[in-house]
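Colleague: Protein chains in written order, with UniProt numbering: chain A, 1 to 355; chain B, 1 to 355; chain C, 1 to 355; chain D, 1 to 355.
1. Taking the alpha carbon of residue 283 of chain B as the reference point, which residue from B:311, B:4, B:271 has its own alpha carbon closest?
2. Confirm, please, whether the CB-CB distance from residue 44 of chain A to residue 191 of chain A is below 9 Å.
3. Taking the alpha-carbon of residue 129 of chain D as reference, which of D:350, D:345, D:318 has the nearest alpha-carbon?
4. Once the 5 residues before and after residue 73 of chain B are set aside, which same chain residues still bring their CB inside 6 Å of it?
5. For the region 7-37 of chain C, enumerate the residues whose C-beta is nearer than 8 Å to any C-beta of chain D, in chain order.
6. List, in chain order, every chain D residue whose beta-carbon is nearer than 8 Å to that of residue 247 of chain B.
7. Tell me, please, which residues DSSP counts as bridged to residue 262 of chain B.
8. Give the residues from the region 328-341 of chain B that approach chain D closer than 9 Å (Cβ to any Cβ), ordered along the chain.
9. Look up residue 8 of chain A in the DSSP assignment and give the residues it is bridged to.
10. Is the shortest distance between the beta-carbon of residue 121 of chain B and the beta-carbons of chain C less than 9 Å?
11. Whose C-alpha, out of B:264, B:276, B:106, B:223, is nearest the C-alpha of residue 266 of chain A?
12. Does the beta-carbon distance from residue 227 of chain A to residue 334 of chain A come in below 9 Å?
13. Span of the alpha helix (DSSP H) holding residue 169 of chain C?
14. Taking any Cβ of chain C, which residues in the region 190-220 of chain A have a Cβ under 9 Å from it, in chain order?
15. Are the C-beta atoms of residue 149 of chain D and some chain B residue less than 9 Å apart?
16. Verify the CB distance criterion: does residue 118 of chain C have a CB-CB separation below 9 Å to chain A?
17. Closer than 9 Å, CB to CB, is residue 277 of chain A near chain B or not?
18. Please return the same chain residues whose Cβ sits closer than 8 Å to the Cβ of residue 274 of chain A, not counting the five positions on each side in sequence.
19. Under the rule that 16 or more other beta-carbon atoms within 10 Å means buried, what is residue 340 of chain B, buried or exposed?
20. For residue 197 of chain D, tell me which candidate among D:181, D:215, D:235, D:218 has the shortest Cα-Cα distance.
21. Please compile the residues from chain C whose C-beta is within a distance smaller than 7 Å of the C-beta of residue 272 of chain D.
22. Could you tell me whether any Cβ in chain A is nearer than 9 Å to the Cβ of residue 235 of chain C?
23. Put residue 250 of chain B into one of helix, strand or coil per three-state DSSP.
24. Would you say residue 166 of chain D lies against chain B (beta-carbon separation less than 9 Å)?
25. Buried or exposed, going by whether 16 or more other CB atoms sit within 10 Å of the CB of residue 131 of chain C?
26. Have a look at D:180, D:39, D:13, D:29 and flag the residue whose alpha-carbon is nearest the alpha-carbon of residue 357 of chain D.
27. Name the one or two DSSP bridge partners that residue 242 of chain C has.
28. Counting only the same chain and skipping the five closest in sequence on each side, list residues whose C-beta sits under 8 Å from that of residue 200 of chain A.
29. Return the residue from the list A:17, A:91, A:101 that minimises the CA-CA distance to residue 123 of chain A.
30. Quick one: is residue 140 of chain D near chain C, going by C-beta distance under 9 Å?
31. Since residue 283 of chain D meets chain A, which of its residues come closer than 7 Å, beta carbon to beta carbon?
32. Answer with yes or no whether the minimum CB distance from residue 48 of chain A to chain B is below 9 Å.
33. Can you tell which of D:23, D:140, D:141 has its C-alpha closest to the C-alpha of residue 36 of chain D?
34. Just checking: is the beta-carbon of residue 228 of chain C within a distance shorter than 9 Å of some beta-carbon in chain A?
35. Give me, in chain order, the residues of the same chain whose beta-carbon lies closer than 7 Å to that of residue 120 of chain D; leave out the 5 immediate sequence neighbours on both sides.
36. In this structure, does DSSP put residue 353 of chain B in helix, strand or coil?
This is the structure we're talking about:
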């Protein structure tokens with residue numbers, strides 16, 4: 001009798017939903033994708049072709065899917081606005097949850113998910129931040145753990161997307177939470193990882209411009225933004241997010257310690273090819289984050305499955321996801337207001353008037 | 001009813017055999033590993049733990065395994081000396097064959113396999129050269145196809161292993177065929193790919209030293225060797241193979257054309273991390289070929305499965321494997337004798353006496 | 001009769017003074033170093049050996065040196081505190097002036113120098129910022145001029161020194177003006193070059209830590225600092241300065257435009273050597289700025305000489321030096337106070353109370 | 001009284017001659033260029049403008065120049081065919097000699113120069129190989145001396161020129177000695193440096209093609225050539241020279257030792273700029289060797305001057321220049337004949353018939 005495989009349902013079959021579903025179906029040997037849900041007819045059509053033939057039952061209602069017989073876990077890749085609600089419903093059905101980030105761009109809602117999870121400690125509830133599963137970041141982290149750079153003190157991190165001239169990101173800005181919530185949240189998560197999740201912001205400042213997409217202004221968003229988070233324990237993180245790159249995705253991190261430094265992806269590359277031509281030597285760059293992080297998502301899938309089946313700790317805490325979104329929201333607030341935010345040592349906000 | 005999956009048996013569960021078995025089991029969604037064979041009790045023990053629980057029937061006789069009910073294909077990862085025999089036996093049972101390189105270090109035996117395959121054109125018989133499935137080499141090849149470097153004219157390629165001080169490679173040399181057959185065969189295969197498999201050698205010269213493993217001399221082998229193959233159509237390939245690298249695996253290829261050049265893996269790396277320390281900036285290098293080519297083997301597995309199930313052409317011809325071994329053997333002959341070999345335009349050997 | 005050479009006197013023979021003197025003596029074919037001044041006996045001793053034998057008259061009083069017969073120009077490499085005074089005195093003697101940066105860390109004094117120079121438009125008065133003379137920055141600038149990156153919009157620049165554990169930089173901080181005036185002034189100058197010297201700051205924010213040199217606090221300075229300057233024309237510059245690098249000098253700049261990006265020295269290097277060893281592949285880094293910018297100083301010297309002899313425009317305006325110091329001082333003020341500074345569109349400071 | 005400067009005359013004012021003259025005039029503080037010779041009216045015209053105003057006496061006869069009063073040394077940058085004769089004549093006038101490589105492409109003539117120099121041991125006679133003066137090669141050499149790579153065992157070196165479509169190199173081939181004498185001689189010189197100048201070739205093999213300049217065949221030359229030199233002490237060097245590069249000058253060397261490896265210029269670059277654009281990230285490459293080695297020539301000049309003035313040993317032995325040309329000529333012979341050359345342990349040629 002073969003070992004039991006984790007019975008998984010996939011909620012949402014959009015761009016990331018499809019990828020999660022296929023990862024659980026094909027690239028996580030200890031999982032079995034048994035159900036999938038989408039309210040979207042086109043996505044269901046896709047699923048009839050790519051999932052159903054492999055024994056996946058399709059649903060057009062989330063509530064139906066989570067009652068699929070024998071279901072043990074769901075992976076949530078639907079629109080951000082329903083992440084939290086679906087996660088809580090799944091927990092109520094005693095299902096493990098892997099939720100695409102963010103839980104919500106509303107912090108109260110984020111906290112509701114965390115509270116619900118706390119009540120069911122036997123369930124594995126994770127909001128995946130892909131970079132935690134990337135081999136390069138992990139190699140960097142091991143070096144930090146081994147003391148190779150002394151005490152990490154300054155962190156520089158950027159999430160820079162290839163420019164998409166279609167205008168897609170204008171409407172997207174109306175509900176994404178803004179660049180610091182949508183993009184820099186990864187860089188903030190890395191900060192919580194490398195500096196420790198107990199760091200307390202002391203001040204937050206951010207500035208932005210709309211260099212190539214002026215329409216972003218109507219949603220109070222920016223196509224380039226820079227922010228600094230000063231922490232109470234003598235550490236500083238600074239971030240750059242941009243949707244203006246001509247060359248492709250360029251997500252770079254530097255962890256600067258008292259005795260050394262680590263850089264991750266300082267020289268982005270699609271592959272190991274250099275092309276020598278009359279104009280010089282050229283290296284191509286992945287156009288999207290998938291080209292950079294595909295294997296990280298596979299690993300995320302597998303580690304989540306392992307944790308559910310073996311009842312071992314998840315590789316990252318759910319509360320981290322809330323804290324990252326919180327800091328992202330503060331950066332965004334500073335970005336939009338142009339004002340510095342300040343916090344006392346307990347992390348409580350100090351009102352500007354009191355400064 | 002789910003789509004039919006290719007029913008595969010894995011022969012040999014040594015270092016590479018294990019990897020092939022696990023790839024077919026876990027990373028090839030359209031295949032089902034149903035059987036595995038090893039004559040070795042330790043390997044069977046491993047299989048009881050890692051394969052049997054997932055529905056894989058274990059065999060200690062190859063002849064038994066290939067009679068497994070419903071079996072459609074075998075992947076052969078046994079010792080080189082039995083590759084050919086097992087491949088032929090599998091074909092006689094009407095099974096598709098994916099055989100680890102080389103088919104044999106004996107060319108007559110190689111040709112027997114090719115002849116056997118020709119008699120059964122409905123069978124997919126492939127001897128995998130992993131680099132053909134590597135994304136970087138494929139990206140380079142597409143650039144060549146698109147004319148970006150003009151006419152490929154000179155190819156430099158090296159296969160350099162991290163030094164293994166254990167002495168393992170001494171005994172290994174007694175049956176490996178020598179460095180040009182064992183290592184450079186990949187570089188030769190790349191040559192046949194980038195120059196076209198119809199190139200005809202004009203002359204072959206090779207030289208070697210035993211810098212760190214003098215015991216290799218007793219098997220007429222070398223730990224560093226350099227060779228040049230001059231082709232009749234005005235192209236040159238030159239190779240370097242070494243088992244002396246301090247830093248790790250370093251497999252580099254340059255394809256030099258009349259209007260540009262491509263390099264593959266000129267700057268080897270384990271990951272995207274740079275470590276900045278008092279001695280400078282350091283990038284680590286994978287210690288073994290698996291660190292460089294793991295994903296290529298996964299792709300090889302999947303493309304073989306696709307070809308079997310869809311009856312589409314294999315990504316590389318079986319005869320290529322013979323030609324690569326043939327050129328490797330000539331290089332090795334030149335290396336051992338210290339003499340240049342010469343060939344006429346039909347590829348026939350010109351005896352030294354006739355020069 | 002040989003063409004007339006510019007008759008130059010060198011003021012100050014400390015670390016940088018020596019270098020300037022030797023550049024004018026040996027590496028500027030159109031100049032003749034005829035005089036040198038230092039109040040320091042040890043420096044005079046050095047000069048007796050390295051300058052006097054080549055026809056350089058030595059002085060221990062600045063006022064005496066600038067009366068040297070036939071003198072046409074001075075290069076000022078004394079302590080920062082006397083730069084301005086000496087520059088003005090030289091102008092009063094009708095001498096061209098090349099002054100080491102900064103003119104002063106006091107802005108009023110800076111402006112006095114500029115005013116004095118305006119009154120003598122026939123004199124060439126330059127405060128050298130070495131990076132303007134560096135081939136790589138110039139190559140980057142040409143690309144910007146040629147429109148290769150569209151409109152420069154975001155500039156990231158860092159000046160990072162190798163950690164000096166001697167404690168030297170503690171006392172140094174008592175008079176250097178602080179890290180943003182002493183170090184980031186170069187990055188600010190680059191900003192004025194790449195964005196145009198007419199940019200007007202809108203807000204300035206900076207934060208710092210003392211990670212390895214806590215004693216810096218007594219002089220209100222930091223060993224790591226990050227700052228953002230937001231400009232009124234929709235551009236942003238952000239800076240990092242550090243004296244904590246384990247690996248060496250690492251001065252990096254990225255100029256990010258609407259259609260492309262340029263990086264300068266993203267991968268610092270002492271030379272073109274890579275060392276492959278059991279720990280990976282290592283590239284060394286220059287320990288000091290001289291290893292990075294030596295040739296830039298030579299070019300600065302020669303271009304200053306050309307401008308004096310040919311009465312052609314200087315490669316950079318004197319007023320730029322004041323503006324760079326001004327912005328540096330504001331960054332430093334923000335760094336020390338932890339508060340954001342704001343400016344109206346005319347560049348006038350908006351008091352915090354008015355926000 | 002200023003220290004005495006070396007009184008130098010420059011012979012030949014062609015491309016390299018001009019550069020040598022200007023280096024002695026402007027960039028070698030301890031030398032004084034007092035005389036220059038060229039038989040070419042255009043070159044004399046150039047010299048009237050660039051040298052004469054600085055006190056350089058011009059000559060149209062070499063014999064006249066070497067009688068210039070007080071002359072102490074000559075730098076010979078004339079056509080290769082007269083190098084040797086001029087060097088010998090200079091020695092006869094008791095002048096130190098810095099001669100552009102090669103002394104001659106005829107080995108007997110080379111040896112005459114060496115013999116003449118041996119008779120006048122008080123004279124400094126050097127045939128400059130620029131790479132010996134390059135900081136990167138020197139840094140690599142120091143690492144070898146410090147034992148960082150164990151025992152150097154394999155050397156790969158290439159001299160690759162940007163393709164010049166003008167046809168210039170066809171006629172040039174009629175007298176250059178061929179690619180191995182003209183180009184690879186630098187790589188051979190590096191071999192003699194890193195392996196020791198006492199290495200004895202055991203066999204030499206070389207092959208070439210004419211991929212872009214078929215007319216080279218009429219002078220028995222090639223636009224791409226690969227060669228291997230096997231040495232009697234268990235070392236191997238292999239070379240690639242090409243005049244077909246699309247991207248620029250690419251002179252790369254790897255020194256592979258028993259415990260590590262060094263690469264020099266594996267990633268060629270014009271400067272420290274990377275350009276990020278829609279096609280990827282591009283680094284430019286110097287179009288010519290001058291862009292790579294300019295500073296090395298300056299250092300060569302200065303070290304030669306130091307040696308003459310201080311009577312210290314030259315940085316490289318004259319006999320080395322002969323040996324490098326000898327090996328280059330053998331490679332060229334092998335290249336043209338397509339045959340392997342063999343040598344006994346004393347370095348004596350073994351005739352093919354005896355094999």
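All residues carry an ideal CB built from backbone N, CA and C; glycine is no exception.
Since this is a predicted model, take the numbers as computed values, not measurements.
Modeller: So, from the listed chains and residues:
1. Working through the second chain from its first residue, we reach residue 283 of chain B at position 283. Ranking B:311, B:4, B:271 by Cα distance to residue 283 of chain B puts B:271 first.
2. As a position in the first chain, residue 191 of chain A is number 191, starting the count at 1. As a position in the first chain, residue 44 of chain A is number 44, starting the count at 1. Not a contact, by the Cβ cut-off of 9 Å.
3. Residue 129 of chain D sits at position 129 when you count from the first residue of the fourth chain. When only C-alpha atoms are compared, the closest one is D:318.
4. As a working mapping, residue 73 of chain B is identified with position 73 in the second chain. In the same chain as residue 73 of chain B, and ignoring 5 residues on each side of it, the C-beta atoms closer than 6 Å to its own belong to 6, 8, 95, 96, 308, in chain order.
5. Taking 8 Å as the upper bound on Cβ-Cβ separation, chain D lies near residues 25, 26, 27, 29 of the region 7-37 of chain C.
6. Along the second chain, read from residue 1 onward, the residue named residue 247 of chain B stands at position 247. Neighbours of residue 247 of chain B on chain D, chain order: 260, 261.
7. Mapped onto the second chain, residue 262 of chain B falls at position 262. Looking at the DSSP output, residue 262 of chain B shares a beta bridge with A:275, B:255.
8. 338, 339, 340
9. Sequence index remark: in the first chain, residue 8 of chain A carries index 8 (1-based). In the DSSP output, where bridge partners are listed per residue, residue 8 of chain A has A:33, A:73.
10. Locating residue 121 of chain B in the second chain gives position 121, counting from the first residue. No, its Cβ sits nowhere closer than 9 Å to a Cβ of chain C.
11. Taking the first residue of the first chain as position 1, residue 266 of chain A is located at position 266. Nearest in C-alpha terms to residue 266 of chain A, of all of B:264, B:276, B:106, B:223, is B:276.
12. Locating residue 227 of chain A in the first chain gives position 227, counting from the first residue. Locating residue 334 of chain A in the first chain gives position 334, counting from the first residue. In this structure, residue 334 of chain A lies closer than 9 Å to residue 227 of chain A by Cβ.
13. Locating residue 169 of chain C in the third chain gives position 169, counting from the first residue. Run containing residue 169 of chain C: 168-173, per the alpha helix (DSSP H) assignment.
14. 202, 203, 205, 206, 207, 208, 209, 210, 211, 212
15. One-based indexing of the fourth chain puts residue 149 of chain D at position 149. Yes, contact with chain B.
16. One-based indexing of the third chain puts residue 118 of chain C at position 118. Closer than 9 Å: no.
17. Here the question's residue 277 of chain A lines up with position 277 in the first chain. Yes - at least one Cβ of chain B is within 9 Å of the one on residue 277 of chain A.
18. Locating residue 274 of chain A in the first chain gives position 274, counting from the first residue. Cβ within range, chain order: 281, 282, 283.
19. What you label residue 340 of chain B is simply residue 340 of the second chain in a count that begins at 1. Classification of residue 340 of chain B: buried, given that the 10 Å Cβ count is 16 or more.
20. Walking along the fourth chain from the start, residue 197 of chain D turns up at place 197. Considering only alpha carbons, the answer is D:235.
21. Taking the first residue of the fourth chain as 1, we reach residue 272 of chain D at position 272. Against chain C, a Cβ distance below 7 Å from residue 272 of chain D picks out 136, 264, 265.
22. Walking along the third chain from the start, residue 235 of chain C turns up at place 235. By this cut-off, residue 235 of chain C is an interface position.
23. Stepping through the second chain from its first residue, residue 250 of chain B is reached at position 250. Reduced to three states, the DSSP call for residue 250 of chain B is strand.
24. Here residue 166 of chain D is taken as the residue at index 166 of the fourth chain, counted from 1. It does not: the Cβ of residue 166 of chain D has no partner Cβ on chain B nearer than 9 Å.
25. Here residue 131 of chain C corresponds to residue number 131 of the third chain, with the count starting at 1. With 16 or more other Cβ atoms within 10 Å, it is buried.
26. Limits of chain D in this structure are 1 at one end and 355 at the other, which puts residue 357 of chain D out of reach.
27. In the third chain, the residue the question calls residue 242 of chain C occupies position 242. Paired residue(s): C:160, C:224.
28. In the first chain, the residue the question calls residue 200 of chain A occupies position 200. Cβ neighbours of residue 200 of chain A beyond the five flanking positions: 231, 232, 233, 343, 345, 346, 347.
29. Indexing the first chain from 1 puts residue 123 of chain A at position 123. Residue 123 of chain A has its Cα closest to that of A:91, out of A:17, A:91, A:101.
30. For this step, residue 140 of chain D is matched to residue 140 along the fourth chain. Residue-level contact by beta carbon holds for residue 140 of chain D and chain C, with a gap shorter than 9 Å.
31. Counting from 1 along the fourth chain, the entry for residue 283 of chain D is found at position 283. Here the neighbours are 280, 281.
32. Here residue 48 of chain A refers to the residue found at position 48 when the first chain is read from its first residue. Taking Cβ atoms only, chain B never reaches closer than 9 Å to residue 48 of chain A, which makes this a no.
33. In the fourth chain, the residue the question calls residue 36 of chain D occupies position 36. Checked all of D:23, D:140, D:141; the closest Cα to residue 36 of chain D is D:23.
34. Looking up residue 228 of chain C in the third chain gives position 228. Taking Cβ atoms only, chain A reaches closer than 9 Å to residue 228 of chain C, which makes this a yes.
35. Counted from its first residue, the fourth chain places residue 120 of chain D at position 120. Around residue 120 of chain D: 91.
36. Taking the second chain and counting its residues from 1, the one referred to as residue 353 of chain B is at position 353. In this prediction, residue 353 of chain B scores a pLDDT of 48, lower than 50, which makes its location untrustworthy; no coordinate-derived value is stated.
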